[in-house]
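Q:
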Amino acid sequence: PLYLPIWTTTPWTLPSNLAIAMHPDMEYAVVQAGDRHYLVAVSLQEDFQRRLGVPFHVKEIRKGKAFQSLTARHAWLDRESPVLLADYVTADTGTGLVHTAPDHGVDDFNLAHHLGLLQLVGPDGRFTADVNDPELEGKNIFDTNVLVVERLRSSGALLHDELLTHSYPHCWRTKTPIFFRATEQWFITMDDELTGKGRTLRELGLEGVESTRWVPAQGRNRIHAMIAGRPDWCISRQRAWGTPLTVLRCMECGEPLATAGIFAKAAAAIEEGGVEAWADLPLEQLKPAGAVCAKCGADAFAKETDILDVWIDSGVSAAVVCDTHPELSRADYGKFIYLEGSDQHRGWFHSSLLFNLAATGDKPYDTVVTHGFVLDGKGQKMSKSLGNVVTPEEIMKTLGADILRWWTASVDYNEDVRISKEILERSADAYRKIRNTLRFLLGAVADFDPAADVVPEREFSPLDAWVWGAFGDMANQVTAAYRNFQFMEAAQALHSFCQLELSGQYFEIIKDRLYCDEPASARRRSCRTLCWKLAQGLSALLAPILTFTADEVWENIPGTKDSIFEQRFPAGTPHPASAEWNRFWEIRQAVQAAMEPHRAAKTIGTSLDAQVTLLLPDADLAMLGRLGEDPQDLLVISGLELQAAPDLDVAVTAHAGVKCPRCWNHKGGAGQGEDADLCPRCWDVVRTQA
8 PLYLPIWTTT PWTLPSNLAI AMHPDMEYAV VQAGDRHYLV AVSLQEDFQR
58 RLGVPFHVKE IRKGKAFQSL TARHAWLDRE SPVLLADYVT ADTGTGLVHT
108 APDHGVDDFN LAHHLGLLQL VGPDGRFTAD VNDPELEGKN IFDTNVLVVE
158 RLRSSGALLH DELLTHSYPH CWRTKTPIFF RATEQWFITM DDELTGKGRT
208 LRELGLEGVE STRWVPAQGR NRIHAMIAGR PDWCISRQRA WGTPLTVLRC
258 MECGEPLATA GIFAKAAAAI EEGGVEAWAD LPLEQLKPAG AVCAKCGADA
308 FAKETDILDV WIDSGVSAAV VCDTHPELSR ADYGKFIYLE GSDQHRGWFH
358 SSLLFNLAAT GDKPYDTVVT HGFVLDGKGQ KMSKSLGNVV TPEEIMKTLG
408 ADILRWWTAS VDYNEDVRIS KEILERSADA YRKIRNTLRF LLGAVADFDP
458 AADVVPEREF SPLDAWVWGA FGDMANQVTA AYRNFQFMEA AQALHSFCQL
508 ELSGQYFEII KDRLYCDEPA SARRRSCRTL CWKLAQGLSA LLAPILTFTA
558 DEVWENIPGT KDSIFEQRFP AGTPHPASAE WNRFWEIRQA VQAAMEPHRA
608 AKTIGTSLDA QVTLLLPDAD LAMLGRLGED PQDLLVISGL ELQAAPDLDV
658 AVTAHAGVKC PRCWNHKGGA GQGEDADLCP RCWDVVRTQA
C-alpha cells in the first residue's frame, strides 16, 4: 500500500478528518522506506527522511494532480479520506499533504464541505456523543491531544511527534485560545436574483458603491473589493441576548418554519416589549393552526434561539430612522452622509448598503466620509492597559474645547493621527494667533457705528480693496474645502490668512491710520469698515471649527444680529491687481530683510526709524505708482527714496528727522508749544480734537 503522511499541530481535529489536500502543480515523490511506500512533496523529502529516521529512495515523481483519484483510509477509524486538490497547499513545512477537517477550518470547509460535516465538538469545546469514542466523549478538545497521539502510536500510524512553539489564535479580549467549529447558520444569499429587483444583492451592492461619493476616494476601491469577493452574508449569532430570529424549528429534524403570520406577531410583541418579548411569547400564539414540518411531517416546534448579527441592527438604522421620521427625507435634506472610522467599510457602511438595497431598493447614503484613528504621540494604539489613553475631557479641562476642535480639523483625518501634549501645544499656538487676529479686529471696531461709519466697497482705499480681494480668495478656498470635507485645507487657509496677510502685513500698515489719523478721515473709515467686514467673515468661516470663539466674536461685533451659526459663508471676488500687490509684498520683504542688520546693531529700533533708498527696475517703479498708496506708508518707514536700477537693491540708514511722539514718524517739528515735536498730520489732528 501507499501511505499518505499528513501532519498537524491540532491532533484533536484528526477524528474529524475527511480528506487530504495536495497542490495540483507541486511535485510529489513516491519514496520507499523499508517495506513501506510514502508520498511526499519533493522539496520536503529530506526533512521528511530526517524526521522518519530511516533511509529511503525515490521510486517516481509526479505532479499532485496525478494523485487526485486516490482515497486513503483513516488512521484508526473505518472511514475513507479522498485526495482533493487545493492551491493553498504550500511546501513550507510538513509533507505537502494537508490534513483536512471541514468542521474546523475555513480552507478545509471551502474545500471539503461537500463531503459532509461530522460536528463532533459541541459549543463548550468538548467532544459530543457523536464522536462514538468513550475515551474522547465529554473531554475538552485541548485535553485530548495527548490521547489522540497515543491512539496513533498504538495503531502504528504515528511516524513522528515533537514539541514545538507556534502561533495559535486567541480571543483579542480575553486572551484565551479559540477553536474553529462549523455550525448551522442563517445567511442572506449574495448571488441569487432578488424578488422584484431583477439583480442579485452583489450586483446591487457594487452599483451602490459606484454611485456613492467616497471621501477619501480610495474608500471606494476598498468596499468594492469587499463586496465583490465576499461570501454569502451570515446573519445569525449564538448569543444570550439580541434581536431574535423570529422563526420556529421542527423539534424532530430542525427544519425552520417561517411565515408572515409569525413575523407579524413577533414584530408586534417586540415593538411593545423589546427584544425580550420573543422569549415570553407563548408558542401556541406563534404556531400557525395545523402547521406541520415540511421536511419530516412532525407537528412539534420550538422557537429559534439564534439572534441576528448586530451589524443587521446597525444596518437598518437609516431605514428605521427615516421610516419613523418622515421629515428626514432626501426631499428635505438633499443628501445623506455617513461618517465613521475606516474599519466600517467592513462594518456599518457595508451592512447598511446591503440591507437597504435588499429591503428598500435604495442605498442609505450619498456620501461616505471615513477617518483614521487617534494614536498616542509615539504612534501606538491607545489602550487602558498601556496607560496611554488621552481623553477629550482631559484636553478640554486644560486647553478648552476650541483648541481640541482646531487640532481635529488641522490634521489629515484620512490617516491615523497622533496626539500628545507637545502636539496640542502647537495647536494652541495656532489658535492663539487666530484669536489675537480676531481681538485686533474687534479692537479696531470697538466704537464702530455701522449706520454712520460704513464705507461702500467701491470707496475702499487701494490697500483695503486688495485685502478684501485676498479675503475673498481665501473664503472661496475655505468654502470649497468644507464642501469637499477637506477640513485640514480649510484650517490651513484660515490660519495662513490670519498670520500672513493680516497680522504679518495689513495690521502693521493700518495701525498708523487707526490710531493717528483724524477719526473721520477717508482711509481710517475705509480700514475700519474692512475690519468690521473681516470680523464677520472670519467668524462665519471659523464657526464650523472654532465654534465657541466664533460665537464670542460675533456677539461683540457692532451691528450683528441672530446667531453666527445662522450666517452664510461669505463669497469673495478676486482683486484685479493681485499680481502687482504680490510683487509689492516681495519688495517689502526685501526691505524688511535689509533692516534686520541695523536692528541688530541698534542703529535703528522700529522700522519708522529708517530712511530707505530703494533701487528698482522701471517696471517695479511703475507698479508702485499704480498701487494708489504711498509706498512709504506701506513700508512703514519715515523716509523713502526711489531710484531706477537694473535689479532690486535696498540701502538703509537711520532717519535724521525729529521723531513725532504721537505716531513715531520722523517728520516731527511742525507743532507748537508742548506739542512742538508733532508731525504735520498729528498737529492738525490734535488741534482739531482740542
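In this text, residue positions in the sequence shown follow this note's numbering: the first is 8, and each later residue adds one.
The beta carbon of each residue, even a glycine, is placed where N, CA and C say it ideally should be.
1) Just grab the DSSP bridge partners of V699 for me.
2) Who are the near neighbours of L315 in its chain, counting only those whose CB is closer than 8 angstroms to its CB and skipping five residues on each side?
3) If distances are taken between C-alpha atoms only, which option among A458, A338, D569, S528 comes closest to D691?
4) Under the rule that 16 or more other beta-carbon atoms within 10 Å means buried, what is S174, buried or exposed?
5) May I ask whether a heavy atom of the ligand SAH can be found less than 8 angstroms away from the beta carbon of A435?
6) Would you check if the distance between the CB atom of G379 and the CB atom of Y420 is smaller than 9 angstroms?
7) Would you mind working out which of P371, V90, K310 sits nearest L9, comparing C-alpha positions?
8) Helix, strand or coil for Y35, going by three-state DSSP, please let me know.
9) In terms of residue numbering, what span does the alpha helix (DSSP H) encompassing C534 cover?
10) In terms of residue numbering, what span does the beta strand (DSSP E) encompassing A48 cover?
11) Pick from D85, V61, T97, V138: whose alpha carbon is nearest that of L51?
12) Roughly how far, in whole angstroms, is the beta-carbon of C538 from the beta-carbon of K440, given that I think they are within contact range, below 8 angstroms?
13) Are the CB atoms of L634 and E587 within a distance shorter than 9 angstroms?
14) Alpha carbon to alpha carbon, how far is R590 from P463? Give it in angstroms, no decimals.
15) What does DSSP give as the partner residue(s) for S88 in the beta ladder?
16) Do the region 194-206 and the region 125-133 make contact, defined as three or more Cβ pairs closer than 8 angstroms?
17) Please check the pair A82 and L159, which I expect to be a contact at CB under 8 angstroms, by giving their CB distance rounded to whole angstroms.
18) Could you have a look at N228 and say whether DSSP puts it in helix, strand or coil?
19) Just tell me which of A273, P333, A497, I277 has its CA closest to the CA of Q292.
20) Between which two residues does the alpha helix (DSSP H) containing E291 stretch?
21) Which runs of the alpha helix (DSSP H) fall wholly inside the region 463-494 and span at least 4 residues, in chain order?
22) In three-state DSSP terms, what is C689?
23) Please report the straight-line C-alpha distance between S88 and G123, rounded to a whole angstrom.
24) Does the region 502-520 come into contact with the region 438-453, if we say contact requires no fewer than three beta-carbon pairs (one atom in each stretch) closer than 8 angstroms?
25) N147 by DSSP, collapsed to three states: which one?
26) Is the number of C-beta pairs between the region 368-387 and the region 424-431 that are closer than 8 angstroms three or more?
27) Spatial neighbours of V47 within its chain, please: CB distance less than 8 angstroms, with the 5 preceding and 5 following residues excluded, ordered by chain position.
28) Three or more C-beta pairs closer than 8 angstroms, one from the region 327-346 and one from the region 162-173: is that the case here?
29) For P238, which of helix, strand or coil comes out of DSSP?
30) Inspect the CB distances between the region 648-656 and the region 618-628 and report whether three or more fall short of 8 angstroms.
31) Which class does A273 belong to by DSSP, given the choice of helix, strand or coil?
32) Pull up the distance between the alpha-carbon of E217 and that of Q499, whole angstroms please.
33) In whole angstroms, what separates the C-alpha of I148 from that of V317?
A: Judging by the given coordinates:
1) The requested residue 699 does not occur in the structure, where the chain is confined to residues 8 to 697.
2) Residue numbering aside, residue 315 sits at position 308 when the sequence shown is read from its first letter. Taken in chain order, the residues that qualify are I242, S243, R244, G249, T250, P251, L252.
3) One-based indexing of the sequence shown puts residue 691 at position 684. Out of A458, A338, D569, S528, S528 has the C-alpha closest to the C-alpha of D691.
4) Sequence index remark: in the sequence shown, residue 174 carries index 167 (1-based). In the assembly as shown, S174 is an exposed residue. Its beta-carbon has fewer than 16 other beta-carbons within 10 Å.
5) As for the ligand SAH, it is missing from this structure, which has no ligand bound.
6) For the purposes of this step, residue 379 is identified with residue 372 of the sequence shown, where counting begins at 1. For the purposes of this step, residue 420 is identified with residue 413 of the sequence shown, where counting begins at 1. Yes.
7) As a position in the sequence shown, residue 9 is number 2, starting the count at 1. Ranking P371, V90, K310 by Cα distance to L9 puts V90 first.
8) Numbered from its first residue, the sequence shown carries residue 35 at position 28. DSSP places Y35 in strand when its eight states are reduced to three.
9) Within the sequence shown, residue 534 is the residue found at index 527, counting from 1. Note, C534: alpha helix (DSSP H), 529-549.
10) Residue mapping note: residue 48 aligns to position 41 of the sequence shown, counting from 1. Annotation: the continuous beta strand (DSSP E) that includes A48 extends over 43-48.
11) The count along the sequence shown starts at 1 and reaches residue 51 at position 44. Ranking the options by Cα distance to L51, first place goes to T97.
12) Taking the first residue of the sequence shown as position 1, residue 538 is located at position 531. Taking the first residue of the sequence shown as position 1, residue 440 is located at position 433. Wrong, their Cβ atoms sit about 17 angstroms apart, outside the cutoff.
13) Taking the first residue of the sequence shown as position 1, residue 587 is located at position 580. Taking the first residue of the sequence shown as position 1, residue 634 is located at position 627. Contact: yes.
14) Taking the sequence shown and counting its residues from 1, the one referred to as residue 463 is at position 456. Taking the sequence shown and counting its residues from 1, the one referred to as residue 590 is at position 583. So the alpha carbons of these two residues sit roughly 27 angstroms apart.
15) Sequence index remark: in the sequence shown, residue 88 carries index 81 (1-based). Paired residues: A79.
16) Not touching, per the Cβ criterion.
17) Counting from 1 along the sequence shown, the entry for residue 82 is found at position 75. Counting from 1 along the sequence shown, the entry for residue 159 is found at position 152. Confirmed, about 6 angstroms.
18) Looking up residue 228 in the sequence shown gives position 221. It is helical.
19) The residue given as residue 292 occupies position 285 in the sequence shown. Taking only the C-alpha atoms, the option nearest Q292 is A273.
20) Taking the sequence shown and counting its residues from 1, the one referred to as residue 291 is at position 284. Here the alpha helix (DSSP H) through E291 covers 290-293.
21) Listed in chain order, the complete alpha helix (DSSP H) runs (minimum 4 residues) inside the region 463-494 are 469-490.
22) Residue 689 sits at position 682 when you count from the first residue of the sequence shown. Helix.
23) The residue you call residue 88 lines up with position 81 of the sequence shown. The residue you call residue 123 lines up with position 116 of the sequence shown. Computed Cα separation, rounded: 12 angstroms.
24) Contact between the region 502-520 and the region 438-453 is present: 3 or more CB-CB pairs across the two stretches fall below 8 angstroms.
25) Residue 147 sits at position 140 when you count from the first residue of the sequence shown. Three-state DSSP puts N147 in a strand.
26) In short, these stretches touch, since the Cβ pair count reaches three.
27) Translated into positions along the sequence shown, residue 47 becomes position 40. Once the five neighbours on either side are set aside, the close Cβ partners of V47 are P12, Y35, A36, V38, F55, T102, G103, L104.
28) Segments in contact, no.
29) Residue 238 sits at position 231 when you count from the first residue of the sequence shown. In the three-state reduction of the DSSP assignment, P238 falls in the coil class.
30) Segments in contact, yes.
31) The sequence position of residue 273 within the sequence shown is 266, counting from 1. If DSSP states are grouped into helix, strand and coil, A273 belongs with the helices.
32) To locate residue 217, count along the sequence shown from 1; it is residue 210. To locate residue 499, count along the sequence shown from 1; it is residue 492. Cα to Cα, E217 sits roughly 31 angstroms from Q499.
33) Within the sequence shown, the letter at position 141 stands for residue 148. Within the sequence shown, the letter at position 310 stands for residue 317. Distance between the alpha carbons of I148 and V317 is about 29 angstroms.
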